[in-house]
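To start, the structure under review is shown below, and the notes come after it.
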RNA sequence: GCUGGGGUAGCUUAGUGGAUAGAGCAUCAGGCUGUAAACCUGAAGGUUGUGGGUUCGAGUCCCACCCCUGGCGCCA
């Protein structure tokens, strides 16, 4: 029993921001040994599951390991309507085929963290299964459980109201839809990022009204992306869970120092005591943050790939970026001529979109051939021997005749 | 029905009828570094919502249309 208490403690502390209605009640339920049904809903608009999602998935995984029933809900219906919480007005409606395809890759990606096999496999559901079936009458019935005042409490709406910006009526329906998900699946708990708090709480309202039942809500912290803003596809600052070890390692190395500890806490399994120790070292400047980041990158690659690949990625990183050597592997193209103008080569190989861009990069000193900076744009390359092209810091290409 | 604001780069926007439409953020490259961040240098990015008109000359003025949007009225 002691062990269960410890696990529950851990479950409800790390990677947790808030618990509704309160932590104590959820703790009691969990300690009683009762199995809960819980879910996390993802928006299928972007095909990548990134480390931000992984934080939530890890929380689900913990519940899964304790024997609770976990559901990954694909918001395919919601995805087809468009997301109101951003001001991204237009969002291409997804076709049914696209949704299925996304769902497939979602599950594959989520499988990096969650288990979909074995004794207590996580389930995948689609909310179109029930949302498509609702009649207008049903919808009105659902909305009658909310007041406009409740909806307006939402920060986002308050802000827009005071700025005189529009609020679409349909935007009030999103929380209602999400809430209905909870009711249909009859869950005991919903987990999501703090940005979803309002929507998840709407589920509590509906659950109480329609099923006279308590639904817990647990929020996890949002993970900042490479540049410190919220990790989001539209900012281009994401690290995908299925990215190649090399890319993953490199991207982690490029996060700002202030995020190191947060990343350790949220996306690795390094113990909290160890993290505290690292944080102290960092604060006392006993360690070069770069070294710590290498450890972080290693842990993350290990987490999503394997220890072996993490070692390799670390080695490769040191080789290419710290010792400025040539990577062991790189893409390769073959050309038919023995002598090719450099600008043509850059365009053919898709390293640049136009000759102008290629010229610019060369003039700025961003192009190397066999580790020598190219200085003149109108150079012709002799391909009797294969050459190695480098554009910027990261792009390499081997060219053969 | 009445009325106000707006549409210029991926985003936010500046721009008296007068030169090649300018800036910040984001992007890309270089420098400094630790592939950090910040900073410095440089670059790319535009059919100025659409179509007409006036003019030597229109982002700017006129007309029509399209799109976004605030408010009022109509329901006591």
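Residue numbers (the numbering used here): 1 to 401.
Virtual Cβ for every residue (Gly too), placed ideally from N, Cα, C.
Residues of the same chain with a CB within less than 7 Å of the CB of residue 199, apart from the 5 flanking positions on each side, are 174, 175 and 178 in chain order. For residue 368, the enclosing beta strand (DSSP E) stretches over residues 367 to 369. The Cβ neighbour count for residue 224, taken over all protein chains shown within 10 Å, is at least 16; the residue is labelled buried.
In the displayed model, residue 188 falls within coil according to three-state DSSP, outside both helix and strand. Sequence-distant partners of residue 365 (beyond 5 residues in either direction) whose C-beta falls short of 7 Å from its own C-beta, in its chain, are 373. With respect to residue 217, residue 19 sits close: the two C-beta atoms are nearer than 9 Å. Cβ-Cβ separation between residue 51 and residue 241: approximately 7 Å, consistent with a contact (criterion under 8 Å).
By the C-beta density criterion, residue 41 is buried, having at least 16 other C-beta atoms within 10 angstroms. With contact defined as three or more Cβ pairs closer than 8 Å, the stretch 258 to 274 and the stretch 333 to 342 are not in contact. Rounded to whole angstroms, the gap between the alpha carbons of residue 190 and residue 160 is 27 Å.
Residue 235 counts as exposed, since fewer than 16 other C-beta atoms from the protein chains shown sit within 10 angstroms of its C-beta.
Counting only the Cα atoms, residue 381 lies some 47 Å from residue 261. Residue 39 has 71 and 190 as its beta-bridge partners, per DSSP. Put simply, the stretch 164 to 173 does not touch the stretch 116 to 129. Fewer than three CB pairs are less than 8 Å apart.
When Cβ pairs closer than 8 Å are counted between the two stretches, the stretch 60 to 72 is seen not to touch the stretch 242 to 253, the count staying below three. Within its own chain, the residues whose Cβ lies closer than 6 Å to the Cβ of residue 154, once the five positions on either side in sequence are excluded, are 198, listed in chain order. Pairing residue 78 with residue 43 gives a Cβ-Cβ distance under 9 Å. Looking at the DSSP output, residue 340 bridges to 381.
Within its own chain, the residues whose Cβ lies closer than 8 Å to the Cβ of residue 209, once the five positions on either side in sequence are excluded, are 145, listed in chain order.
Inter-residue distance for residue 167 and residue 148 is about 12 Å (C-alpha atoms, whole angstroms). Burial of residue 219 is indicated by the presence of at least 16 other C-beta atoms within 10 angstroms of its C-beta. If you look at residue 265, you'll find it in the alpha helix (DSSP H) that goes 260 to 267. Annotation: the continuous alpha helix (DSSP H) that includes residue 362 extends over 355 to 363. The residue from 305, 238, 184 and 129 with its alpha-carbon nearest to that of residue 47 is 238. Residues of the same chain with a CB within less than 6 Å of the CB of residue 361, apart from the 5 flanking positions on each side, are 367 in chain order. Under DSSP, residue 332 shares a beta bridge with 398.
Note on geometry: alpha-carbon atoms of residue 49 and residue 128 lie some 20 Å from one another. Sequence-distant partners of residue 205 (beyond 5 residues in either direction) whose C-beta falls short of 7 Å from its own C-beta, in its chain, are 145, 146 and 179. Check the Cα spacing between residue 390 and each of 58, 356 and 346: the tightest is with 346. Judged by DSSP in its simplified three-state form, residue 203 adopts helix.
Rounded to whole angstroms, the gap between the alpha carbons of residue 339 and residue 383 is 6 Å.
DSSP places residue 126 within a strand segment (E or B) once states are collapsed to three.
For secondary structure counted as the alpha helix (DSSP H) over 4 or more consecutive residues, the stretch 276 to 333 holds these complete runs in sequence order: 289 to 304 and 307 to 317. Taking a 10 Å sphere around the C-beta of residue 308, we find fewer than 16 other C-beta atoms and assign the residue as exposed.
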